[in-house]
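Position in the sequence shown (from 1) plus 325 gives the number in my numbering.
Every residue, glycine too, gets a C-beta built ideally from N, C-alpha and C.
Every value quoted in this text rests on a predicted model; they were computed, and no experiment measured them.
Written below as structure tokens is the structure these notes are about.
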Amino acid sequence: MVEIRQIQRAEFELAMKIVWKTFLEFEGDIYTEEGVKSFYDFINDPLLKRMFLLGEYLVFGAFVDDNMVGVAGIRNKSHLSLLFVEKEYHNMGVGSALVFSAFRYSMEQYREYRFSVNASPYAVEFYHKLGFQDTAGQLAKDGVIYTPMCYTITP
Numbered sequence: 326m327v328e329i330r331q332i333q334r335a336e337f338e339l340a341m342k343i344v345w346k347t348f349l350e351f352e353g354d355i356y357t358e359e360g361v362k363s364f365y366d367f368i369n370d371p372l373l374k375r376m377f378l379l380g381e382y383l384v385f386g387a388f389v390d391d392n393m394v395g396v397a398g399i400r401n402k403s404h405l406s407l408l409f410v411e412k413e414y415h416n417m418g419v420g421s422a423l424v425f426s427a428f429r430y431s432m433e434q435y436r437e438y439r440f441s442v443n444a445s446p447y448a449v450e451f452y453h454k455l456g457f458q459d460t461a462g463q464l465a466k467d468g469v470i471y472t473p474m475c476y477t478i479t480p
């Protein structure tokens, strides 16, 4: 059984380790050296951790038997960020549970009903299956490849 909850302060580094490990496993080989470095710098930026500690960047964790197996972040109240699930837990509903738990929180706390994500190439089909729509074609910034997408919930 998977438990989804906001992570605690002491769990932030573990969450970023899961993100990095999973990124390298599924995305690292398609990104340029610049893209891999940009991604690494982003998840290790002290500003990201500071935003987390201030409650401006929310991170939800998926836990199985008290072990974190996936993470999803929300920034700016409605932008999904850093959705990563360990390989052993793919196709088990963990990613979907993380997404919709984060959305539920934003709807309840901030009355947000339109969400955005910059989907990595590996995740585009996953987001399409959840109902996300592309808002532009594939883009790249600082070597990071993504497709901007949105998801709207009718209240």
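### Message
Check whether the region 416-430 and the region 334-344 are in contact - that is, three or more C-beta pairs closer than 8 Å.
### Response
no
Considering only residues of the same chain and omitting the five flanking positions on each side of Gly360, which have a CB-CB separation below 8 Å?
Correct list, in chain order: Ala465, Asp467, Gly468, Val469, Ile470.
Self-check item: Backbone secondary structure at Asp459 - three-state DSSP
Solution: strand
Item to complete: Write down every uninterrupted run of the alpha helix (DSSP H) in the region 327-356 whose length is 4 residues or greater and which is fully enclosed by it, in chain order.
Response: 337-351
Checklist entry - With distances taken from CA atoms, which of Ile332, Leu349, Thr472 is nearest Ser481? => result Any property of residue 481 remains undetermined from this structure, which presents the chain solely from 326 to 480.
Worksheet item: How many angstroms separate the CA atom of Phe351 from the CA atom of Tyr447?
Response: 7 Å
Discussion item. Please list the terminal residues of the continuous alpha helix (DSSP H) segment that includes Arg375.
Written reply: 371-378
Just to confirm before moving on: does the CB-CB distance between Leu423 and Ala387 stay below 7 Å? yes
Taking one C-beta from the region 353-370 and one from the region 451-458 each time, how about it: are there three or more such pairs within less than 8 Å? no
Query - Asp391 versus Gln333 - alpha carbon distance - result: 13 Å
Exercise. In angstroms with no decimal places, state the Cα-to-Cα distance between Asn369 and Val344.
Key: About 11 Å.
Q. What residue from Tyr382, Val419, Tyr438, Tyr356 has the CA that sits closest to Glu328's CA?
A. Looking at the Cα atoms, Val419 is the closest of the given residues.
- Item | Nearest-angstrom Cβ-Cβ length linking Gly398 and Leu383, presumed shorter than 8 Å | 6 Å
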